[in-house]
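Working notes for the structure below.
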Amino acid sequence: MRLIVNGDSISITHMGPDFLLVEPASDHPPGEARIVMQVDESRSEWKVRLPEGISKASTRVALALAE
């Protein structure tokens, strides 16, 4: 699974109901992003909001569904 934010692709290591754990990444402000999951030839995408953005000091990212 990958988190796509501002053109950057960040590896997701764990997904919870309202958070993600990601590989260390650069800072990103709050905003919209996409989660991309691909298994073999099947690909799914979800639009999400990052209400707190991403901090390079933490691997935990708050998550909300985009409307």
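Under my numbering, the first residue of the sequence shown carries the number 895, and numbering increases by one thereafter.
Note that beta-carbon positions come from the ideal geometry of N, C-alpha and C, so glycine has one too.
Just how far apart, CA to CA, sit residue i and residue j?
i	j	result
Ala-958	Ala-919	19 Å
His-922	Gly-947	5 Å
Asp-902	Ala-927	10 Å
Glu-935	Ala-951	34 Å
His-908	Leu-914	6 Å
Glu-939	Val-930	5 Å
Ile-906	Val-955	10 Å
Run through the DSSP bridge pairs and tell me what residue i is partnered with.
i	result
Met-909	Leu-914
Let me know the secondary structure DSSP gives residue i once reduced to three states.
i	result
Lys-950	coil
So the candidates are the options; which of them puts its Cα closest to the Cα of residue i?
i	options	result
Glu-961	Val-942, Arg-954, Ser-949, Thr-953	Val-942
Would you list, in sequence order, the uninterrupted beta strand (DSSP E) runs of no fewer than 3 residues that lie entirely inside the region 912-938? 913-916, 925-933
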